[in-house]
Amino acid sequence: MSHINRQRVTLLCDEVGRDMLAMLFKVFSEELAEYVQCLDQDASLANIADVCHAAKSSARSFGADLLAEQAIHFEQQAKQSEQLWLKEHLPQLRNLLLQSAEDYAALASDEKALDRLLQ
1 MSHINRQRVT LLCDEVGRDM LAMLFKVFSE ELAEYVQCLD QDASLANIAD VCHAAKSSAR
61 SFGADLLAEQ AIHFEQQAKQ SEQLWLKEHL PQLRNLLLQS AEDYAALASD EKALDRLLQ
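Going by full-length UniProt numbering, the final residue of the sequence shown carries number 119, and the count climbs one at a time with no gaps.
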């Protein structure tokens, strides 16, 4: 979970409260898993661009900076019709989405893990 921006998460916690933060992390985790399903069902350039556009916005909000950066890059590649590059690198994006989903689900369900992140 070292890729999670602690400062952003702390600010978000201050804004919404700890209980709401855990619930938002659960929703975010589910959203990321849905993005993976979307990519698995349709790996077209347009769909990759749409998924990455949505992922970068929510990732920034939740401190998933690495995911946001990668989503920006993948969205640009899709908009530039870089099909070969995307075919080769799509598993990397998929894995990052899945790992982020797992990390945020763990934070949502494990109070001690969330406490460690907020320290």
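Every residue gets a Cβ at the ideal spot worked out from N, C-alpha and C, and that includes glycine.
DSSP places F28 in the uninterrupted alpha helix (DSSP H) bounded by 18-41. Along the region 31-117, the alpha helix (DSSP H) occurs as fully enclosed runs of 4 or more residues at 45-61, 65-79, 83-109, listed in sequence order. Cβ-Cβ distances below 7 angstroms link S58 to F28, E31 in the same chain, with the five nearest sequence neighbours on each side left out; the list follows chain order. Counting only the Cα atoms, L12 lies some 22 angstroms from I72.
Contact between A78 and A55 does not hold, since their C-beta atoms are separated by about 12 angstroms, which reaches or exceeds 8 angstroms.
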